[in-house]
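S.K.:
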Amino acid sequence: EPEVTQTPSHQVTQMGQEVILRCVPISNHLYFYWYRQILGQKVEFLVSFYNNEISEKSEIFDDQFSVERPDGSNFTLKIRSTKLEDSAMYFCASSELVDSPQAFFGQGTRLTVV
Amino acid sequence: QKEVEQDPGPLSVPEGAIVSLNCTYSNSAFQYFMWYRQYSRKGPELLMYTYSSGNKEDGRFTAQVDKSSKYISLFIRDSQPSDSATYLCAMSSYSGAGSYQLTFGKGTKLSVIP
């Protein structure tokens, strides 16, 4: 069964460093998303991406965040200068159709900022 | 006022019991309702998706939506120890920007005791 894959599964980084989280969405999907889940809190929307541009972004997705689809398969989230409060699980998700809200999530990358 | 409210539990039931999980919401614009299952330190797995008020059944799972009361439910019949997980409700509306931003509840942690 097709699935969304994310790498790495766990990333430890020093405060102020840049990190790139990688995702391979399901191959025929058109919409891509990043969500995050701080430990013990709700899953929160960060950004959606379609046709090589951002469709929507939340207040969380400030200038330190960026997304990119560098090739036909990968979808990345970059955090330029990490803060302690960026520590969270980051989930990539994708959906197949323009008119479908069904999103399929990857296993997540646990980001720990020290 | 929080957009999506979900009792975090924990909820503990004996094997074979019927489980009822619920969420309430405040945003009348929500049109799509989903239930995800999340095992510890894993990504959310889509279980059920409904669009309108009423019931939708899939095996041992039944999703129920009451838009007039802004209340959704997930019922699990003949619960199994493998159903032990955190269940997240999620909702969205079409923003016009082409994507569907999901708003999640906090999740209910369910334990099914053999």
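Protein chains in written order, with this note's numbering: chain H, 1 to 114; chain C, 115 to 228. A virtual CB, placed ideally from N, CA and C, is assigned to each residue, including glycine. Please read these numbers as outputs of a predicted model, since none were measured by experiment.
Helix, strand or coil: how does DSSP classify Ser196 (chain C) here?
M.R.: Three-state result, Ser196 (chain C): helix.
S.K.: Residues of chain H with CB closer than 8 Å to the CB of Tyr201 (chain C), please, in chain order.
M.R.: The contacting residues do not exist; Tyr201 (chain C) stays about 12 Å from chain H at best.
S.K.: Using a Cβ cut-off of 8 Å (strictly closer), state whether Gln14 (chain H) contacts chain C.
M.R.: It does not: the Cβ of Gln14 (chain H) has no partner Cβ on chain C nearer than 8 Å.
S.K.: Cβ closer than 7 Å: which chain C residues qualify as neighbours of Val114 (chain H)?
M.R.: Those do not exist, as Val114 (chain H) stays about 19 Å from chain C at its closest Cβ, beyond 7 Å.
S.K.: Below 7 Å between beta carbons is the criterion; list the residues of the segment 40 to 63 of chain H that meet it against any residue of chain C, in chain order.
M.R.: The segment 40 to 63 of chain H vs chain C, Cβ under 7 Å: Lys42, Val43, Phe45, Ser48, Tyr50, Ser55 and Glu56.
S.K.: When the Cα of Tyr139 (chain C) is compared with those of C:Pro124, C:Asp192, C:Cys203 and C:Pro122, which residue comes out closest?
M.R.: When each option's Cα is compared against that of Tyr139 (chain C), the closest is C:Cys203.
S.K.: Using CA coordinates, which residue listed in C:Leu135, C:Ala143, C:Leu161 and C:Leu125 is at the minimum distance from Lys181 (chain C)?
M.R.: The shortest Cα separation from Lys181 (chain C) among C:Leu135, C:Ala143, C:Leu161 and C:Leu125 belongs to C:Ala143.
S.K.: I need the straight-line Cα distance from Ile186 (chain C) to Phe147 (chain C), nearest angstrom please.
M.R.: So the two alpha carbons sit approximately 8 Å from each other.
S.K.: Among residues of its own chain, excluding the 5 on either side of Phe105 (chain H), which ones have a beta-carbon nearer than 8 Å to its beta-carbon?
M.R.: So the list reads Val4, Tyr35, Phe91, Cys92 and Ala93, once near-sequence residues are dropped.
S.K.: Quick one: does Pro158 (chain C) have its CB under 8 Å from some CB of chain H?
M.R.: Pro158 (chain C) counts as touching chain H.
S.K.: Which same chain residues end up closer than 6 Å to Val12 (chain H) when comparing Cβ atoms and leaving out the 5 residues on each side of it in sequence?
M.R.: Around Val12 (chain H): Thr112.
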